[in-house]
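Throughout the sequence shown, residue numbering follows my numbering, covering 13 to 452 in sequence. Quick reminder that beta carbons are idealized off the backbone N, C-alpha and C, glycines included. Heads up: the structure comes next, in structure tokens.
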Amino acid sequence: MENNLPNGSKRTTDIDDSKEHNRQLRRHHMGHSDRLKEMREMATLHERQVALIQAHNQELQQQRDELARQLNVLGEQRNTSHLESVRNEETLQQFAEHLHALHAQKVSSVPADQPDASERKKMHQDNSKLVPPADGPLSAQIKALRQAYVHSGGSDPGIIAQMVDLQTDAQSVEKNQATASAEARRKNPEHCILDSTREASQRGTTWELLLLEQQNQRLEEEILRIQWARERNQNYEGRHILDPVDSLGPAPYDPAAGFVIFFDLVLGVTASQKALCLVAALYSEGVEVGPQTPLPPVKCLPGVSSAYSHSLTPGNYALLSVKQPVPRVQPSSSLCLVVEMQAAHDLDVHDQDVQLTSSGWTCVELFDQYNQLHSGHWRVPVRCLPVQPSLNITQLNTIPQVGNMELCMRLVNSRDEDVQTLMEPDPSRTRHYKYLAVVG
């Protein structure tokens, strides 16, 4: 039995070694499984990253295609606008040539008692200078050409209407170009940043140019007014100048453009009235349809006492010289203009009015039964208070007049505003203001 002890101890040792080996195998197997699991997770993460990269690339490609499409659209719009601009400029040039031809015919038809050839040549050169050069916005060029045509004696309504249509088309094209540019900026913020940077650097210059353009426009209007007055005084026979006094009358009305009210004079002002202020408003069937508009107060001046005076109303006067544009108004025979007269009877040491009190009113029907504006020079009696906007013209004529006080005014379609602006009110020449006929 003692001899068997070593063999039993040896078997125990072998069993322990086997268990240890099995434990090592299990640990090795578990480590391999963990590595496999980690590798699978890494592979899954890699696939996700690849999918995200592909989706991002696809989105970038779509953005690139959209930018290319927008560039093509802008290119087509620019080409279309350029072609329209070229066609309009060609039409403008044809009108200019037509004006030269018309003027050449007029010069050749002047009788023998007119100025000699050298003087007529100078007149032709002066009028040729009125045709504007091809510079600036196309709508501004067409407007200048129309003014030049009217100023040089042109009175063909077909040509004037064609010029007005051309100017409207040019303004529409310019507006569409500005809208397309704004839409492109809205869709492309990246371009907006670059444009904002450029605009910031040019803003100062832009404001200066706008101020210069406004000053230039005022100077041009003043030059045209002086030239028109000078040529009217020369009174050449055979030279037909479109006089603003004779250029008004019944004509089709454009609701989009509207009309303009020229408040020229108030005649028959009493000596006790030192200053006048007019308050105008639109009414329809006695209901106010717009805000009241007070005009700037003006001092009353002594009446014109001259043997050559063409005024029909005695007394002092107030020179208003104010125009009031009224755009986008639909025509209606019930629409009328109500004007209240406010007067100051005392002035302070600085000739400023102390207190204004209502002294009269008047009412003018604006449209006839054919929805045409009552375009013309009108002499409107001022009626006694109270203000009654609901009265028709027949009823209004039964209200007593305030002394001899009358309002001289013009109703003008917007297309005639430029020509009528050339005319300055003259208290010594008021015979062309007529009383508006009453339709029973």
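Check                                                                                                                           : Outcome
CB contact flag (I154, A173, <8 Å)                                                                                              : no
T180: CB within 7 Å of a non-hydrogen atom of the ligand ZN                                                                     : By its list of ligands, the structure shown contains no ligand whatsoever, and the ligand ZN lies outside what it can speak to.
DSSP beta-bridge partners of A287                                                                                               : K311, A356
Member of L72, S344, M435, Y329 whose CA lies at the smallest distance from the CA of T282                                      : Y329
A67 versus G270 - alpha carbon distance                                                                                         : 57 Å
Between the CA atoms of Q179 and C312 - distance to the nearest angstrom                                                        : 41 Å
Own chain residues within Cβ distance below 7 Å of P314, not counting five before or after                                      : N328
Counted within 10 angstroms of its Cβ, other Cβ atoms place Y265 as buried (16 or more) or exposed                              : buried
Proximity below 8 Å, CB of M175 to CB of F274                                                                                   : no
Pairwise C-alpha distance: N84 and L347                                                                                         : 50 Å
C-alpha gap between Q189 and L277, whole angstroms                                                                              : 43 Å
Closest Cα partner of L332 within the set V310, Q285, L397, S184                                                                : V310
Cβ pair Q304, A293 closer than 8 Å                                                                                              : yes
8 Å contact criterion, which T374 and V341 should meet: CB distance rounded                                                     : Going by Cβ atoms, the distance from T374 to V341 rounds to 20 Å, so no, they are not a contact pair.
CA-to-CA distance, G280 to P439, given in whole angstroms                                                                       : 11 Å
Of the residues Q400, V424, L434, the one placed nearest L231, counting alpha carbons only                                      : L434
Assigned secondary structure, S426 (DSSP; H/G/I helix, E/B strand, else coil)                                                   : helix
Those residues which DSSP pairs with C348 across a bridge                                                                       : Y295, E377
Classification of T410 by the beta-carbon crowding that lies within 10 angstroms, buried from 16 upward                         : exposed
Buried or exposed (CB count within 10 angstroms, at least 16 for buried), N425                                                  : buried
CB-CB length for E418 against P437, believed under 8 Å                                                                          : Between P437 and E418 the Cβ distance is about 13 Å, and since that is not below 8 Å, they are no contact.
Contacts around S357, its chain only, beta-carbon distance under 7 Å, and the 5 residues preceding and following it disregarded : The question names Ser, but residue 357 is His in the sequence shown. So the list reads S284, Q285, K286, once near-sequence residues are dropped.
Residue nearest to A160 in terms of C-alpha spacing, selected from T191, S184, I235                                             : I235
D77 classed as buried or exposed, judged by whether at least 16 other C-beta atoms fall within 10 angstroms                     : exposed
Between the CA atoms of E186 and H58 - distance to the nearest angstrom                                                         : 55 Å
Selection from T56, E300, R35, K335 that minimises the alpha carbon distance to V431                                            : K335
Bridge partners - K155, DSSP secondary structure assignment                                                                     : For K155, which the question treats as bridged, DSSP gives no partner whatsoever.
Distance between D428 and Q413 (C-alpha atoms, nearest Å)                                                                       : 31 Å
Sheet register partners of Q336 (DSSP bridge)                                                                                   : I273
C-beta contact flag for Q381 and A263 at 8 Å                                                                                    : no
Burial state of T56, where buried means 16 or more other Cβ atoms lie within 10 Å                                               : exposed
For G388 and L349, believed in contact at Cβ under 8 Å, the rounded distance                                                    : Their Cβ separation, rounded to whole angstroms, is 14 Å, which puts L349 and G388 out of contact at 8 Å.
Presumed contact (8 Å Cβ cut-off) between Q354 and V291, rounded CB distance                                                    : 6 Å
Of the residues H386, Q70, Q75, P339, the one placed nearest L345, counting alpha carbons only                                  : The question names Leu, but residue 345 in the sequence shown is Ser. Considering only alpha carbons, the answer is H386.
According to DSSP, residues forming a beta bridge with H389                                                                     : R422
Coarse secondary structure for E436, derived from DSSP in three states                                                          : coil
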